[in-house]
Amino acid sequence: MLLSDKDTVPSSVRSNMERSKSHRGKTSNGGFGRFLVEVASLLTLANVRNLTTLLQYRPAEIDAIERDTNPSSKFLMSLIEKGIIGETNISKLLDSLRSIDLHGVAEDVKASFTRNISDSLSRPVITLNEKGQGLTSKKNQFLKEIKETYEDIYNGVLPIPYLRERLMCVDNVFIDSGLEYFKEHKGNKGKGTWQKLNSYNSILIDPRFLHAMVFLIKGEPGYGKSILALQYVYDWCKRSVLSPLKDVEMLLFLRLRYLKGFESIFCAIKHLLLPCDTKLSENDISDVIRSCKSVVIIFDGFDEYSDSENSNSDVLKIIERRTLRECKVILTTRHSSTSLKLTSKTVRVRLNGFANEARERYVLKAVVEGSFCASAQILQLLQRNPALADICQVPLFFVMFAHMTHEKNMTVVLNSVTSFFRYVVSCFYEHIDIKTGASFCASAMARSETEHYQLSKIAFESLRAKKHNLIWEKDKLVELIGELMYKKLVEIGILVEQNVLRIVDDPGTSAADHIQRRTDVSFYHKLFCEWYAAHYVARSVADLEGGYLHTFLEDMDPSDLQYVYRIACGLNPVAAEKIIQYLQSIEGGDKFAVLCILEQTGEVDKIKEPIRDMCFEGVIISGHDSLLLQRSSMQLLEIAARSQIPIEYVCILNCLQSVDLSSQAVRTTSGLALSSRIPVKWLSIALFNREMTDDEAIAILQFAALCPSLCILTFYGCVPPRVLEGRSFLSSLKSRDVTVRWWLHTSEPIYILNLSSGTWKHNKDGSEPTAADFERALSKRAELILTGTEEHYREEVKKSRETRRKQAEEKRRELDKVCNDN
Numbered sequence: 001m002l003l004s005d006k007d008t009v010p011s012s013v014r015s016n017m018e019r020s021k022s023h024r025g026k027t028s029n030g031g032f033g034r035f036l037v038e039v040a041s042l043l044t045l046a047n048v049r050n051l052t053t054l055l056q057y058r059p060a061e062i063d064a065i066e067r068d069t070n071p072s073s074k075f076l077m078s079l080i081e082k083g084i085i086g087e088t089n090i091s092k093l094l095d096s097l098r099s100i101d102l103h104g105v106a107e108d109v110k111a112s113f114t115r116n117i118s119d120s121l122s123r124p125v126i127t128l129n130e131k132g133q134g135l136t137s138k139k140n141q142f143l144k145e146i147k148e149t150y151e152d153i154y155n156g157v158l159p160i161p162y163l164r165e166r167l168m169c170v171d172n173v174f175i176d177s178g179l180e181y182f183k184e185h186k187g188n189k190g191k192g193t194w195q196k197l198n199s200y201n202s203i204l205i206d207p208r209f210l211h212a213m214v215f216l217i218k219g220e221p222g223y224g225k226s227i228l229a230l231q232y233v234y235d236w237c238k239r240s241v242l243s244p245l246k247d248v249e250m251l252l253f254l255r256l257r258y259l260k261g262f263e264s265i266f267c268a269i270k271h272l273l274l275p276c277d278t279k280l281s282e283n284d285i286s287d288v289i290r291s292c293k294s295v296v297i298i299f300d301g302f303d304e305y306s307d308s309e310n311s312n313s314d315v316l317k318i319i320e321r322r323t324l325r326e327c328k329v330i331l332t333t334r335h336s337s338t339s340l341k342l343t344s345k346t347v348r349v350r351l352n353g354f355a356n357e358a359r360e361r362y363v364l365k366a367v368v369e370g371s372f373c374a375s376a377q378i379l380q381l382l383q384r385n386p387a388l389a390d391i392c393q394v395p396l397f398f399v400m401f402a403h404m405t406h407e408k409n410m411t412v413v414l415n416s417v418t419s420f421f422r423y424v425v426s427c428f429y430e431h432i433d434i435k436t437g438a439s440f441c442a443s444a445m446a447r448s449e450t451e452h453y454q455l456s457k458i459a460f461e462s463l464r465a466k467k468h469n470l471i472w473e474k475d476k477l478v479e480l481i482g483e484l485m486y487k488k489l490v491e492i493g494i495l496v497e498q499n500v501l502r503i504v505d506d507p508g509t510s511a512a513d514h515i516q517r518r519t520d521v522s523f524y525h526k527l528f529c530e531w532y533a534a535h536y537v538a539r540s541v542a543d544l545e546g547g548y549l550h551t552f553l554e555d556m557d558p559s560d561l562q563y564v565y566r567i568a569c570g571l572n573p574v575a576a577e578k579i580i581q582y583l584q585s586i587e588g589g590d591k592f593a594v595l596c597i598l599e600q601t602g603e604v605d606k607i608k609e610p611i612r613d614m615c616f617e618g619v620i621i622s623g624h625d626s627l628l629l630q631r632s633s634m635q636l637l638e639i640a641a642r643s644q645i646p647i648e649y650v651c652i653l654n655c656l657q658s659v660d661l662s663s664q665a666v667r668t669t670s671g672l673a674l675s676s677r678i679p680v681k682w683l684s685i686a687l688f689n690r691e692m693t694d695d696e697a698i699a700i701l702q703f704a705a706l707c708p709s710l711c712i713l714t715f716y717g718c719v720p721p722r723v724l725e726g727r728s729f730l731s732s733l734k735s736r737d738v739t740v741r742w743w744l745h746t747s748e749p750i751y752i753l754n755l756s757s758g759t760w761k762h763n764k765d766g767s768e769p770t771a772a773d774f775e776r777a778l779s780k781r782a783e784l785i786l787t788g789t790e791e792h793y794r795e796e797v798k799k800s801r802e803t804r805r806k807q808a809e810e811k812r813r814e815l816d817k818v819c820n821d822n
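Letter 302 of the sequence shown, counting from 1, is numbered 302 in the UniProt record's numbering, and no numbers are missing.
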């Protein structure tokens with residue numbers, strides 16, 4: 001008498017099978033059911049434990065299996081759900097059993113499969129030739145499906161969020177610009193300089209990087225890291241002739257923000273890159289990838305990876321070279337992401353934003369389609385708005401500004417960051433109102449902004465947290481801000497929805513619910529989050545005093561959240577006064593305070609006095625400063641120059657990159673430039689973290705000869721060339737009576753360069769340093785690199801400020817006396 005499935009399969013196995021059917025949409029035949037029963041009787045609990053460990057099950061999965069009334073049945077059902085075994089193939093199970101030396105069990109399992117399943121279905125398990133042919137077929141299918149996904153992604157670039165009908169291909173917007181790599185000094189781990197890269201393709205083909213396996217690409221938010229990654233994807237799919245990826249067999253592109261809960265990269269690839277109805281299992285994907293001769297994996301946005309501290313994650317294992325070691329990895333992240341354990345085979349690259357030339361190329365390529373006249377109009381408008389010089393160094397915002405200005409065919413005067421954001425947000429609202437037939441009302445838009453209290457609070461709290469959390473579940477966010485407001489912001493494009501998969505390992509979660517699909521929401525860009533957070537700060541600070549104010553702001557680092565402070569000051573004059581006082585009271589906050597003053601009115605006249613005080617005391621641009629702080633210092637120097645405010649002293653401290661004589665600028669390690677047109681009276685180059693070459697010293701002297709306002713040039717903490725005779729720049733320096741000093745350390749003598757002979761002289765007795773003096777200086781210099789003397793140098797600057805302050809006081813008293821006598 002033949003038995004049905006219900007008669008042959010125990011209830012524990014049958015219930016698991018039913019869950020598997022509902023989850024996978026497939027059914028099992030009677031022979032396969034009998035096979036499962038027989039195998040379940042062959043596997044002991046110890047066997048199951050060893051197999052789950054070998055197959056990299058998560059702890060929660062192992063625990064659920066072991067607590068089941070029939071662990072072996074539960075384990076077999078999980079194999080079906082993961083695609084490891086099926087009605088036509090159990091080879092992965094057989095290989096796993098043999099890997100843990102259960103050869104007898106493997107033979108029994110194989111015999112059971114052959115006995116219960118027809119020969120035609122069992123052949124793939126035992127025929128190696130057909131298995132190889134099957135792998136080739138799976139590889140072709142995998143490549144076809146993954147390239148279709150990539151095509152949707154790289155054709156979906158959206159320069160302006162609300163113009164969803166104007167999706168662009170990444171190849172039409174990508175600009176190859178502003179790339180540098182970190183060249184470490186030999187024998188000085190962690191110390192080095194940033195060197196220019198000619199092209200993004202140089203990252204992968206430069207002879208200096210041939211042995212590299214990990215390429216870490218860093219950049220601030222909006223600097224084009226994701227666009228660069230997408231360009232690589234496009235080049236690979238199109239087999240671009242100029243691309244080093246054209247011969248790569250497999251390229252995998254994963255956005256890490258969507259990998260929460262996916263410990264297995266093969267599981268992530270299956271659910272995020274392949275269609276829902278793909279016939280490929282995780283096991284198939286693993287086999288395909290491991291069979292490829294060359295594989296490049298692109299992980300985009302490590303700073304947004306919520307599982308970055310999970311050591312069991314395949315992502316970390318791959319980056320840290322613990323698995324898939326033959327694969328090359330391209331990893332993008334913000335500058336602040338430094339928790340990775342990177343190997344010596346890592347190349348560090350950074351993006352520096354859009355310089356003028358890059359802006360021109362982008363406008364011609366992506367905005368005006370080669371019209372030089374239209375391009376000139378957009379760039380001239382940018383030059384007439386000095387407040388945009390800072391924010392439009394961020395490619396994302398320059399792109400938005402260029403497209404919006406061209407789209408609206410109008411000119412605007414923007415004199416602050418706050419006015420820039422108001423302009424951008426009003427464009428968002430105006431476009432939707434026109435599209436829906438409503439009449440745009442600026443006052444209505446402004447009123448709507450004030451009603452976003454809850455959203456502003458959410459934005460503030462997410463930025464205030466130690467680790468910024470900029471993604472929310474849709475249902476939770478709708479509950480907090482209301483459905484009408486939510487729909488409006490999504491329609492406008494300020495909020496962006498993304499359908500994602502989440503792995504749920506909570507106790508009691510069924511196999512069918514293990515992988516859940518939900519909608520996550522984020523701001524179009526982090527700076528929009530800062531825009532709304534600034535509204536909350538402006539409203540809250542206005543009502544706070546004293547210690548409460550400090551407590552409220554102390555967790556918000558202005559070097560990381562500069563725009564929150566600046567926009568809050570632009571929104572609320574009462575809050576601005578308190579914020580400026582707070583910034584002036586904290587270390588390094590004076591520069592941000594000046595920018596906040598500028599934000600209030602946009603009028604430089606209002607901030608001339610604090611800028612004059614800052615320029616009188618001296619400006620130090622240090623390698624320890626954040627990129628935003630360095631950029632703020634440069635922006636204040638630019639404002640001072642335009643306002644004809646004298647700049648007494650500028651120091652480039654431990655961040656000298658190079659001297660670009662063609663553009664007449666000294667470049668810092670952060671990619672910023674101090675131009676010769678900045679009217680600096682005293683320029684100091686202080687270098688304690690590395691040696692200065694003779695060529696660098698000569699280039700600095702040539703730069704000094706180009707600075708019409710320069711009176712004093714100081715080399716501090718470094719050893720310049722011993723003799724400079726015959727150099728043409730000496731006569732230029734001498735004609736302007738420029739003093740050139742060399743000062744190794746406060747405990748060492750000061751030498752003055754004789755501009756006639758090109759030799760150094762002791763500042764007191766006029767004696768020349770001997771060869772032995774230079775040798776001793778070089779030896780002392782090596783000690784300075786090891787010990788570091790930046791704090792000591794800052795003390796010297798402080799004393800110099802006090803001296804200049806006293807001299808200024810004496811001059812004022814003398815002037816007052818003369819006035820009183822008259």
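From the three backbone atoms N, C-alpha and C, an ideal C-beta is built for every residue, glycine too.
Specify the secondary structure class of residue i as computed by DSSP and reduced to three states.
i, result
"E473", "strand"
"K21", "At K21 the pLDDT is 40, less than 50, meaning the model places this residue with poor confidence; the figure from the coordinates comes in the next sentence. K21 falls in the helix class under three-state DSSP."
"E180", "strand"
"L379", "helix"
"L750", "In the sequence as displayed, the identity of residue 750 is Ile instead of Leu. In the structure shown, I750 sits in a strand (DSSP, three-state: E or B)."
"N356", "helix"
"H535", "helix"
"M556", "coil"
"P495", "Correcting the residue type first, residue 495 is Leu in the shown sequence and not Pro. DSSP places L495 in strand when its eight states are reduced to three."
"S622", "strand"
"S118", "For S118, the predicted model reports a pLDDT of 46, less than 50, meaning its position is unreliable and no value from the coordinates is stated."
"N89", "strand"
"H403", "helix"
"M77", "helix"
Taking a contact to mean a Cβ-Cβ separation below 8 Å, would you say residue i touches residue j in this structure?
i, j, result
"P558", "F592", "yes"
"R350", "K144", "no"
"H525", "H452", "no"
"S308", "F302", "yes"
"L55", "S112", "no"
"K681", "E648", "yes"
"I586", "E491", "no"
"V521", "E497", "yes"
"K74", "I84", "no"
"P71", "V48", "yes"
On the CB-based measure, 16 or more other CB atoms within 10 Å of its CB, does residue i come out buried or exposed?
i, result
"V723", "exposed"
"D613", "exposed"
"H624", "exposed"
"R642", "exposed"
"E725", "exposed"
"G25", "Confidence in G25 is poor, its pLDDT being 37 and thus under 50, which makes the residue's placement too unreliable to answer from."
With DSSP as the reference, identify every bridge partner of residue i, one or two as the case may be.
i, result
"M168", "V157"
"A641", "DSSP lists no partner for A641."
"R741", "T714 and I752"
"A665", "D660 and S675"
"L331", "L216 and F299"
"V500", "R518"
Output yes if chain C places a C-beta closer than 8 Å to the C-beta of residue i; else output no.
i, result
"T52", "The displayed structure is made up of one protein chain only, and chain C is not part of it."
Query raised in the report: Touch check for the region 293-309 and the region 319-335: three-plus C-beta pairs under 8 Å?
Result: yes
Query raised in the report: Does the region 202-212 come within contact of the region 369-385, defined as at least 3 CB pairs closer than 8 Å?
Result: no
Query raised in the report: For the 8 Å Cβ check, are there 3 or more pairs between the region 277-293 and the region 251-269?
Result: yes
Query raised in the report: How about the region 137-151 and the region 311-324: do they share at least three Cβ pairs that are nearer than 8 Å?
Result: no
Query raised in the report: Looking at C-beta atoms only, is the number of pairs between the region 218-237 and the region 151-158 that lie closer than 8 Å three or more?
Result: yes
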